[in-house]
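Novice:
2 protein chains.
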Amino acid sequence: MNDKYPMFAARQSVEQVEEGTELAPKFDADGLMPVVTTAAEDGVVLMLGYMNREALAKTIETGEAHYYSRSRQTLWHKGATSGLVQKVIELRIDDDQDAVWLLVDVAGGASCHVGYRSCFYRSVPLGKAEGSPALKFEEQAKTFDPVEVYGDAPNPTKL
Amino acid sequence: MNDKYPMFAARQSVEQVEEGTELAPKFDADGLMPVVTTAAEDGVVLMLGYMNREALAKTIETGEAHYYSRSRQTLWHKGATSGLVQKVIELRIDDDQDAVWLLVDVAGGASCHVGYRSCFYRSVPLGKAEGSPALKFEEQAKTFDPVEVYGDAPNPTKL
């Protein structure tokens, strides 16, 4: 058991972690685990984020997606700025309990800071090719105007 | 451009990375990026894995999912041991190009080394609770017998 987070059990055996019913999550050296967020209605992957212990505990307790923002280095209640809150319909954890899958309903329908519904709005053509393959836009238009929603907040994308 | 991987463009601007059509992926300090793999047929998240440059290049070239195995520290052609090869139907990259989404068809239907179809076979009940919440199994039975398929290969789960 973790004193600060009594909902997290200590990891004691592979069998407990893989086949048991105790929540015994594993965070990486930075205290984070990756999170896949999909739309409950149609299975589209909206984003890939990260949670620390606090974010996972808050998400479970409140039923609203909380992440850890690596660019801002802080707890991030998704939608606090944009209004695009993610209501968690189901939360799943993987075999070795070091990754989470959130199935969500999104207020406003969009999750990507660029303005698209999904962060994964471009596909990569498959097959051998000369040089770099040209990405294809799979969403035809943005769902919202990021400048209107975020104003002059710093862009989280880093080169 | 990357001399060893001419399909990867150099990252030059946020606009290029987010709004452009060049594949300019970003790998973390360990040379990896996270990968979400979903079943093309119904959107179930099958697994969360990692790719290095070689794995991403091979996946694009061959149309079969390749990952980097962190436990074995080697390129991992998924299904090479188990036969559960993942045929990539679509490959997407996210806004800042540091995560991949694979939509796949799986030979044999399963992707989890424990024997379930999805690695995310347990859900976590939401809401405030005393102590640790009891995980709920969302898959009723294993799809295959891991001992038959993997024999005595070491279990990748680490405590």
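Protein chains in written order, with our numbering: chain A, 4 to 162; chain B, 4 to 162. The beta carbon of each residue, even a glycine, is placed where N, CA and C say it ideally should be.
Can residue 20 of chain A and residue 27 of chain A be called in contact, C-beta distance under 7 Å?
Specialist: The residue labelled residue 20 of chain A in the question sits at position 17 within the first sequence. The residue labelled residue 27 of chain A in the question sits at position 24 within the first sequence. Yes, they are a contact pair.
Novice: Using a Cβ-Cβ cut-off of less than 9 Å, list which residues of the segment 129–158 of chain B approach chain A; keep chain order.
Specialist: 129, 130, 131, 132, 133, 134, 135, 136, 137, 138, 139, 140, 141 and 158
Novice: Determine the closest residue to residue 61 of chain B out of B:157, B:10 and B:152, with distance taken between C-alpha atoms.
Specialist: Counted from its first residue, the second sequence places residue 61 of chain B at position 58. Of all alpha-carbon atoms in B:157, B:10 and B:152, the one lying nearest the alpha-carbon of residue 61 of chain B is that of B:10.
Novice: Whole angstroms is fine: what's the gap from residue 130 of chain B's alpha carbon to residue 25 of chain B's?
Specialist: One-based indexing of the second sequence puts residue 130 of chain B at position 127. One-based indexing of the second sequence puts residue 25 of chain B at position 22. For residue 130 of chain B and residue 25 of chain B, the distance between alpha carbons rounds to 43 Å.
Novice: Residue 126 of chain B to residue 133 of chain A, Cα distance in whole Å?
Specialist: Counting from 1 along the second sequence, the entry for residue 126 of chain B is found at position 123. Counting from 1 along the first sequence, the entry for residue 133 of chain A is found at position 130. The C-alpha of residue 126 of chain B lies about 44 Å from the C-alpha of residue 133 of chain A.
Novice: Could you pull out every unbroken beta strand (DSSP E) segment of at least 3 residues lying fully inside the segment 73–114 of chain B, listed in chain order?
Specialist: 77–80, 89–96 and 103–109
Novice: Please list the partners that residue 126 of chain B has in chain A, where partner means a Cβ-to-Cβ separation under 7 Å.
Specialist: Residue numbering aside, residue 126 of chain B sits at position 123 when the second sequence is read from its first letter. 93, 94 and 95, listed in chain order.
Novice: Is the beta carbon of residue 147 of chain B sitting closer than 7 Å to the one on residue 102 of chain B?
Specialist: One-based indexing of the second sequence puts residue 147 of chain B at position 144. One-based indexing of the second sequence puts residue 102 of chain B at position 99. The answer is no: Cβ separation not under 7 Å.
Novice: Helix, strand or coil: how does DSSP classify residue 153 of chain B here?
Specialist: As a first step, residue 153 of chain B must be located in the second sequence, where it is residue number 150. Residue state, collapsed to three classes: helix.
Novice: For residue 84 of chain A and chain B, any beta-carbon pair shorter than 7 Å?
Specialist: Locating residue 84 of chain A in the first sequence gives position 81, where the first residue counts as 1. Chain B contact via Cβ: absent.
Novice: Exposed or buried, which one is residue 84 of chain B when buried takes at least 16 other CB atoms within 10 Å?
Specialist: Reading the second sequence from its first residue, position 81 is the one you call residue 84 of chain B. Residue 84 of chain B should be labelled exposed.
Novice: Bridge partners of residue 125 of chain B, per DSSP?
Specialist: To locate residue 125 of chain B, count along the second sequence from 1; it is residue 122. Per DSSP, A:96 and B:140.
Novice: Just to confirm, are residue 96 of chain B and residue 106 of chain B a CB contact at a threshold of 7 Å?
Specialist: Start at 1 with the first residue of the second sequence, and residue 96 of chain B comes out as number 93. Start at 1 with the first residue of the second sequence, and residue 106 of chain B comes out as number 103. No, these two residues do not count as a Cβ contact at 7 Å.
Novice: DSSP has residue 42 of chain B in a bridge; who is on the other side?
Specialist: Locating residue 42 of chain B in the second sequence gives position 39, counting from the first residue. Paired residue(s): B:107.
Novice: So with CB distances below 8 Å, who are the chain B contacts of residue 20 of chain A?
Specialist: Residue mapping note: residue 20 of chain A aligns to position 17 of the first sequence, counting from 1. Around residue 20 of chain A, the beta-carbon contacts reaching into chain B at under 8 Å are 160 and 162.
Novice: What residues match up with residue 69 of chain B in a beta bridge as DSSP calls it?
Specialist: Locating residue 69 of chain B in the second sequence gives position 66, counting from the first residue. Answer is B:80, bridged to residue 69 of chain B.
Novice: Under a Cβ-count criterion, where at least 16 other Cβ atoms within 10 Å of its own Cβ denotes burial, should residue 162 of chain A be classed as buried or exposed?
Specialist: Your numbering for residue 162 of chain A matches position 159 in the first sequence. The residue is exposed, with fewer than 16 neighbouring Cβ atoms inside 10 Å.
Novice: Where do the N-terminal and C-terminal ends of the alpha helix (DSSP H) with residue 20 of chain B fall, by residue?
Specialist: To locate residue 20 of chain B, count along the second sequence from 1; it is residue 17. Segment 17–22, the alpha helix (DSSP H) holding residue 20 of chain B.
Novice: Should residue 64 of chain A be flagged as near chain B, meaning a C-beta pair shorter than 7 Å?
Specialist: Against the first sequence, residue 64 of chain A aligns to sequence position 61. Interface residue, yes.
Novice: Among residues of its own chain, excluding the 5 on either side of residue 149 of chain B, which ones have a beta-carbon nearer than 7 Å to its beta-carbon?
Specialist: As a first step, residue 149 of chain B must be located in the second sequence, where it is residue number 146. The residues are 116, 117 and 118.
Novice: Using a Cβ-Cβ cutoff of less than 8 Å, which residues in the same chain neighbour residue 140 of chain B once the five nearest sequence positions on both sides are dropped?
Specialist: The residue you call residue 140 of chain B lines up with position 137 of the second sequence. For residue 140 of chain B, where only same-chain residues beyond five positions count, the Cβ hits under 8 Å are 124 and 125.
Novice: Would you tell me roughly how many angstroms separate the C-alpha atoms of residue 138 of chain A and residue 158 of chain B, rounded to the nearest one?
Specialist: Along the first sequence, one-based indexing puts residue 138 of chain A at 135. Along the second sequence, one-based indexing puts residue 158 of chain B at 155. Their Cα atoms are separated by approximately 37 Å.
Novice: Start and end of the beta strand (DSSP E) containing residue 54 of chain A?
Specialist: Taking the first residue of the first sequence as position 1, residue 54 of chain A is located at position 51. Segment 48–54, the beta strand (DSSP E) holding residue 54 of chain A.
Novice: Within 7 Å (strictly less), CB to CB, does residue 30 of chain A reach chain B?
Specialist: On the first sequence, position 27 is the one that residue 30 of chain A refers to. No, its Cβ sits nowhere closer than 7 Å to a Cβ of chain B.
Novice: Buried or exposed for residue 86 of chain B, going by 16 or more other Cβ atoms inside 10 Å?
Specialist: In the second sequence, the residue the question calls residue 86 of chain B occupies position 83. Counting Cβ neighbours within 10 Å, residue 86 of chain B comes out exposed, since fewer than 16 surround it.
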